[in-house]
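Trainee: Going by mature numbering (1 follows the signal peptide of the UniProt record, and there is no 0), the letters in the sequence shown line up with residues -23 to -1, 1 to 178, in that order. Note that beta-carbon positions come from the ideal geometry of N, C-alpha and C, so glycine has one too. As the structure is a computational prediction, the values presented were derived from the model and not from experiment. One structure, pasted below without further comment.
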Amino acid sequence: MKKLISLLIPFVLSGLASSVSFAAETRYCDDMARVNNFPHLSSDQFARHLEAKGSVDRILVSKARRELYLLKDDVVLKTYHVAFGMDPLGGHKQFEGDSKTPEGIYTIDGKNPNSAYYLSLHVSYPNAADVAFAKSRGRSPGGNIMIHGFPVIPAKHIQVQQIHPLDWTAGCIAVTDKEINEIYSLVKEKTTIEICKYRDN
């Protein structure tokens, strides 16, 4: 019996790893109607979640709705209106300087409290497929994609404040300074971020 258990352990662990991987790759963008039916916290409930130093397990971004959702166990903690790169209809980011915001599943792989834009969460674009595609075209995929607030330079801050949430970034996802304060406090590194294609609704 012990020998049988020892033989089964690697398969069990492998299955657990696969299920974790599957959960990370689950595409909420494929069924946004399902997201509509998730429970949504009230403002008071969200405030308590912040005070308790809660966290999120997924960031979901809809280009079509121009919204960012913070999710925890399939509950919508809060929804934010966002600005994108200056070519929001152009599809997935492919090259440096194309002013497009990436689409697909990535992770938050860094947090910067001293960003040129008030607080920033770095998105793991480009992945291996992004790099390979750009390289096949003799181009750079670009990078430095973030969720961030307004520019810290006062003159630029005022300019952006006047047009936000119209699209003004070079490919990033932007919110107000107050909003990034909330998002930054709730999001940990390695959190999954899923960015939906524009045609999703």
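Please name the residue in Ser101, Lys88, Asn121, Ala93 whose C-alpha comes closest to that of His134.
Mentor: The residue with the shortest Cα to Cα distance from His134 is Ala93.
Trainee: Any idea if Arg4 is buried or exposed, counting beta-carbon neighbours within 10 angstroms, 16 or more meaning buried?
Mentor: Counting Cβ neighbours within 10 Å, Arg4 comes out exposed, since fewer than 16 surround it.
Trainee: Quick check: what's the CA-CA separation for Glu171 versus Val38?
Mentor: Whole-angstrom Cα-Cα distance: 6 Å.
Trainee: Where does Ala167 land, buried or exposed, given buried means 16+ other C-beta within 10 angstroms?
Mentor: The question names Ala, but residue 167 is Lys in the sequence shown. Counting Cβ neighbours within 10 Å, Lys167 comes out exposed, since fewer than 16 surround it.
Trainee: Is Ser117 buried or exposed, if buried means 16 or more other CB atoms sit within 10 Å of its CB?
Mentor: Under this definition Ser117 is an exposed residue.
Trainee: So, for His17: in the same chain, excluding its five sequence neighbours on each side, which residues have a beta-carbon less than 7 Å away from its beta-carbon?
Mentor: So the list reads Val53, once near-sequence residues are dropped.
Trainee: With distances taken Cα to Cα, identify the nearest neighbour of Val100 among Leu27, Asn89, Ile160, Ile124.
Mentor: Among Leu27, Asn89, Ile160, Ile124, the Cα nearest to that of Val100 is on Ile124.
Trainee: Does the separation of the CB atoms of Gly31 and Leu163 fall below 9 Å?
Mentor: Closer than 9 Å, so yes.
Trainee: Could you please give the first and the last residue of the uninterrupted beta strand (DSSP E) stretch that includes Glu44?
Mentor: Residues 44 to 49.
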